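One structure is given below, encoded as structure tokens.
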Amino acid sequence: MSLCKSRMLRPRSIPTKSSVFSLSNRTSSLALRSVRPFAAAAEGIIPPFRVNEKRLWEAIHHTAQWGATPDGGIRRLALTDLDKAVREWFISSVKSLGCSIKVDEMGSIFATRPGTSSSLPPIGIGSHLDTQPAGGRYDGILGVLAGIEVLRVLEENGHKSYAPIAVIDWTNEEGARFNTGMVSSGVWSGRYTLDFAHALPAAEDKTNAMTFKSELERIGFLGTVPASYQANPLSSHFELHIEQGPILEDEAKKVGVVTGVQSMGWLIVTVHGENQHSGTCPMARRACALTSAARMISRVEEIALAARGLSTVGVINSWPQSPATVPHKVVFSVDLSHHSTEVREAMIADTTSEFARIAHANKCSVEIQDIWNSPAVQFHADCISCVREAAINVAGEDGVKEMVAGARHDSVHTSDRVPTSMIFVPSKGGISHNPDEFTSSEQWSVSLRVSTWSMNL
2 MSLCKSRMLR PRSIPTKSSV FSLSNRTSSL ALRSVRPFAA AAEGIIPPFR VNEKRLWEAI
62 HHTAQWGATP DGGIRRLALT DLDKAVREWF ISSVKSLGCS IKVDEMGSIF ATRPGTSSSL
122 PPIGIGSHLD TQPAGGRYDG ILGVLAGIEV LRVLEENGHK SYAPIAVIDW TNEEGARFNT
182 GMVSSGVWSG RYTLDFAHAL PAAEDKTNAM TFKSELERIG FLGTVPASYQ ANPLSSHFEL
242 HIEQGPILED EAKKVGVVTG VQSMGWLIVT VHGENQHSGT CPMARRACAL TSAARMISRV
302 EEIALAARGL STVGVINSWP QSPATVPHKV VFSVDLSHHS TEVREAMIAD TTSEFARIAH
362 ANKCSVEIQD IWNSPAVQFH ADCISCVREA AINVAGEDGV KEMVAGARHD SVHTSDRVPT
422 SMIFVPSKGG ISHNPDEFTS SEQWSVSLRV STWSMNL
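When we follow the working numbering, the leftmost residue of the sequence shown carries the number 2, and every step to the right adds one.
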């Protein structure tokens, strides 16, 4: 029986302080992962806290004013004036709850409510306030607002957690304005350097004079706290997030217990053929790059289906763009994903082999660049166990589904350094990155209660 399970079955037991997560060797990720971080997140009885659904609902729609679009969506790109406004609201809200504020060198905000043991690194509840250009009202911000609601409930009940709690806004999770998603949590975890991140250009500035750092300075959020897990540590990291897919809704599940994130990556495929006159060149003589590309796109879909993975061709361009000319060149993207890194690598190998065969059969040649890939991520076993048991406690066994996240989140990077877990909320119709994105208050209130139980606040 895990510590989480024994705690759930005996909620009035008092955890020992000696079992609390320690950062005695905080530079070692192995040391971070060898502990049970939630064994003593709270001292004493687990109170029957109730979240205020109406208050959280109002907060969601109040914050939607910063970037609201006529179609009901949100356009609030990172480090814009709209992002500055919602950040200032966030800081004002958490200060009223007795939180101290840290802003790191990447502009990420850490709002920390003290615990009874102030020497412990805080338990993080993190997500993001920025959106896609045509975003919805729930992606990212629901997780931040849920963290604020946890703090409000604790404050109303006069309860002090054993470890401090930090609600975190990670800057530029979406990567829509500065073309590296989750870059701030990536710097914090050590995946990216600060210099790399600060030099990222804003998408709207073709001169590259407007950078991540200059925009942090402009809106007043270039903090002085080092953006590092060593200088600004956490005990653990929770993230409540909308699923952004249809699985929970289709299976009538209330809560998703996220065990990790799937492997994914992008290929850029260039097909070379030969320009020929469309009215005079016989079909059998043609070296049409676009015909080859069409057959490749169809084939990669078959490869993904056979492997029970995913493939997407999102970008395609052909040259010379003349109705009277057989295209001599096509460039297209391929996104390949699978729960298993090994299976995705096999999908890439099959794709490479099949594309070469198709090109040869059509008198063409092909070049394939593997421009980005991310191995599958497995979250911390004890964190998963805590969330699973909390979810069953709140939603019942039939209301819970274990699942692998299809999209990347800041928790991917925090899991490099601290025990991490995610909780998914159903998304209506599986729609996200869209003004029609929606999750009902009944749905996210269940997951919010799961968050509170998981952390044993």
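Every residue, glycine too, gets a C-beta built ideally from N, C-alpha and C. Bear in mind that the values here come from a model prediction, so they are computed numbers and not experimental data.
Of the choices the options, whose alpha-carbon is the least far from that of residue i?
i              : options                           : result
aspartate 411  : Leu449, Val145, Leu83 and Gln66   : Val145
alanine 294    : Ile317, Leu311 and Ser312         : Ile317
isoleucine 385 : Thr415, Thr421, Thr353 and Lys364 : Thr421
tryptophan 67  : Leu57, Ile61, Leu83 and Ala60     : Leu83
serine 428     : Tyr193, Val52 and Lys254          : Lys254
isoleucine 92  : Gly108, Thr81, Leu78 and Arg77    : Gly108
glycine 141    : Ser366, Arg178, Ile126 and Val151 : Ile126
serine 120     : Ser162, Gly274 and Met456         : Ser162
leucine 98     : Ala228, Ala167, Val87 and Gly73   : Ala167
methionine 423 : Ala86, Val388 and Gln444          : Val388
alanine 377    : Ala391, Glu346, Val151 and Cys365 : Glu346
serine 185     : Arg77, Glu390, Lys402 and Glu106  : Glu106
With DSSP as the reference, label residue i as helix, strand or coil.
i              : result
tryptophan 454 : helix
isoleucine 432 : coil
serine 422     : strand
tryptophan 445 : helix
glutamate 59   : helix
threonine 271  : strand
glutamate 368  : strand
proline 48     : Low confidence applies to proline 48: its pLDDT is 49, below 50, so where it sits in the model is not reliable enough to give any reading.
Assuming the contact rule is C-beta atoms closer than 8 Å, residue i and residue j should be a hit. Round their C-beta distance to whole Å, please.
i              : j             : result
isoleucine 243 : serine 433    : 6 Å
isoleucine 102 : alanine 164   : No, isoleucine 102 and alanine 164 are not in contact; Cβ-Cβ is about 18 Å, not under 8 Å.
glutamate 175  : aspartate 131 : 5 Å
glutamate 438  : tyrosine 139  : 6 Å
From which residue to which residue does the beta strand (DSSP E) around residue i run?
i             : result
glutamate 459 : In the structure as shown, the chain begins at 2 and stops at 458. Residue 459 is therefore absent and cannot be evaluated.
threonine 281 : Here threonine 281 belongs to no beta strand (DSSP E), and DSSP marks it neither H nor E.
valine 256    : 256-262
Does at least one heavy atom of the ligand FAD sit under 7 Å from the Cβ of residue i?
i              : result
methionine 423 : The ligand FAD is absent from the structure shown, which contains no ligand whatsoever.
Could you pull the start and end residues of the alpha helix (DSSP H) that residue i belongs to?
i                 : result
glycine 187       : 184-190
threonine 212     : Where threonine 212 is concerned, there is no enclosing alpha helix (DSSP H), given that its DSSP letter is neither H nor E.
phenylalanine 197 : 195-199
serine 412        : 411-415
glutamate 250     : 248-251
Just to confirm the assignment: which complete alpha helix (DSSP H) runs, minimum length 4, are found wholly within the stretch 286-362? 290-308 and 342-362
Could you pull out every unbroken beta strand (DSSP E) segment of at least 3 residues lying fully inside the stretch 84-172, listed in chain order? 101-104, 110-114, 124-128 and 166-170
So within the stretch 370-409, which uninterrupted beta strand (DSSP E) runs reach at least 3 residues, ignoring any that extend past its ends? 401-406
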